[in-house]
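Enquirer: Those sequence lines, one after another, are chains Z and D.
Residue numbers for the first sequence follow our numbering, beginning at 1 and rising by one.
Residue numbers for the second sequence follow our numbering, beginning at 1001 and rising by one.
Sharing a structure here in structure tokens format.
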Amino acid sequence: EAQVTQNPRYLITVTGKKLTVTCSQNMNHEYMSWYRQDPGLGLRQIYYSMNVEVTDKGDVPEGYKVSRKEKRNFPLILESPSPNQTSLYFCASRAGTGGNQPQHFGDGTRLSIL
Amino acid sequence: GENVEQHPSTLSVQEGDSAVIKCTYSDSASNYFPWYKQELGKGPQLIIDIRSNVGEKKDQRIAVTLNKTAKHFSLHITETQPEDSAVYFCAAGSSYKLIFGSGTRLLVRP
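Below, the structure written as structure tokens:
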């Protein structure tokens, strides 16, 4: 089954404790992206990757890091989490690098930073 | 910067009635306009999309219209059913990114 898998689904942690949210897709997609979803703001892009070893900032990259060492994986790293990073996070992937292709989303990771 | 405005933020309709959600975008380079449905505890799922060379597209009870001159596109759901209740997002895409609207919470009353 074609899917985007995120882990963990839920996490409560404390300020400053480094965490990583993993994302894996089994569709051999070139493009992957991370979004955060906050009430009334829709989905905002954090980082995206056009292919292996190619990443770029989205609209809200501050406080986040990513890496793309393999095509299927695109982890999101919070080196020193802060309460304003409490949010619902989604990973997505799509085929090709053109913008007019459907994106497939994971089921989300709810992070609470105390 | 680029943005997408979506209205209304909430919409309540009677089962069987139609629902319309409207979006406007600012980036004239946008050429791809998908609509996503998000159910509780799930990620957004694509329900229909339209590209800039098409003015209208229909898939059963769902249709989308695009007016590139006005930078405006809309989602139409006819004969609504309770299972249509969800949050709907529009988005406008160019070569490397999608900009999402803020979402519409649709409630279909039985």
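Positions of the beta carbon are idealized from the N, C-alpha and C atoms, including for glycine.
Computed from a prediction, not measured in an experiment: that's the story for all the values here.
So, are the CB atoms of Ser1030 (chain D) and Ser1052 (chain D) less than 9 Å apart?
Expert: In the second sequence, residue 1030 (chain D) corresponds to position 30, counting from 1. In the second sequence, residue 1052 (chain D) corresponds to position 52, counting from 1. Between Ser1030 (chain D) and Ser1052 (chain D), the gap from beta carbon to beta carbon is short of 9 Å.
Enquirer: At 3 residues or longer, and completely inside the region 7-57 of chain Z: list those beta strand (DSSP E) runs for me, N to C.
Expert: List check, beta strand (DSSP E) in window: 10-13, 19-25, 31-38, 42-51, 54-57.
Enquirer: Can you check whether the CB of Gly58 (chain Z) is closer than 9 Å to the CB of Gln45 (chain Z)?
Expert: Taking the first sequence and counting its residues from 1, one reaches residue 45 (chain Z) at position 45. Taking the first sequence and counting its residues from 1, one reaches residue 58 (chain Z) at position 58. It is a contact, given that the beta carbons lie within the stated cut-off.
Enquirer: Using CA atoms only, rank isn't needed, just tell me which of D:Gln1081, D:Glu1056, D:Ala1063, D:Tyr1036 is closest to Ile1099 (chain D).
Expert: Within the second sequence, numbered from 1, the residue matching residue 1099 (chain D) stands at position 99. If we check each option's Cα against that of Ile1099 (chain D), D:Tyr1036 comes out closest.
Enquirer: Rounded to whole angstroms, how far is the Cβ of Ser1085 (chain D) from the Cβ of Val1108 (chain D), which I believe are closer than 8 Å?
Expert: Counted from its first residue, the second sequence places residue 1085 (chain D) at position 85. Counted from its first residue, the second sequence places residue 1108 (chain D) at position 108. Yes, they are in contact, since the Cβ atoms of Ser1085 (chain D) and Val1108 (chain D) sit about 5 Å apart, within 8 Å.
Enquirer: Got a sec: which bits of the region 1076-1095 of chain D sit with their beta carbon under 7 Å from any beta carbon on chain Z, in order along the chain?
Expert: Phe1089, Gly1093, Ser1094, Ser1095
Enquirer: Measuring alpha carbon to alpha carbon, tell me which of Z:Leu78, Z:Ile12, Z:Ala92 ends up nearest Lys71 (chain Z).
Expert: Residue numbering aside, residue 71 (chain Z) sits at position 71 when the first sequence is read from its first letter. Ranking Z:Leu78, Z:Ile12, Z:Ala92 by Cα distance to Lys71 (chain Z) puts Z:Ala92 first.
Enquirer: Per DSSP, which one or two residues make a beta bridge with Thr1069 (chain D)?
Expert: Reading the second sequence from its first residue, position 69 is the one you call residue 1069 (chain D). Note: Thr1069 (chain D) sits in no beta bridge, so no partner.
Enquirer: Three or more C-beta pairs closer than 8 Å, one from the region 102-110 of chain Z and one from the region 1040-1059 of chain D: is that the case here?
Expert: yes
Enquirer: Quick check on DSSP: helix, strand or coil for Gln85 (chain Z)?
Expert: Start at 1 with the first residue of the first sequence, and residue 85 (chain Z) comes out as number 85. Three-state result, Gln85 (chain Z): helix.
Enquirer: With which residues is His1013 (chain D) paired in a DSSP beta bridge?
Expert: The residue labelled residue 1013 (chain D) in the question sits at position 13 within the second sequence. The amino acid occupying residue 1013 (chain D) in the given sequence is Val; His does not appear at that position. For Val1013 (chain D), which the question treats as bridged, DSSP gives the partners D:Val1108.
Enquirer: Expressed to the nearest angstrom, what Euclidean distance is found between the alpha-carbon atoms of Tyr89 (chain Z) and Val60 (chain Z)?
Expert: By one-based count along the first sequence, residue 89 (chain Z) stands at place 89. By one-based count along the first sequence, residue 60 (chain Z) stands at place 60. Looking at the two C-alpha atoms, the distance is approximately 12 Å.
Enquirer: How many Å lie between His1076 (chain D) and Ser49 (chain Z) at the Cα?
Expert: Taking the second sequence and counting its residues from 1, one reaches residue 1076 (chain D) at position 76. Taking the first sequence and counting its residues from 1, one reaches residue 49 (chain Z) at position 49. Roughly 33 Å separates the two Cα atoms.
Enquirer: Find the nearest neighbour of Ser112 (chain Z) within the set Z:Lys17, Z:Val4, Z:Trp34, Z:Thr13, judged by alpha-carbon distance.
Expert: Along the first sequence, one-based indexing puts residue 112 (chain Z) at 112. Considering only alpha carbons, the answer is Z:Thr13.
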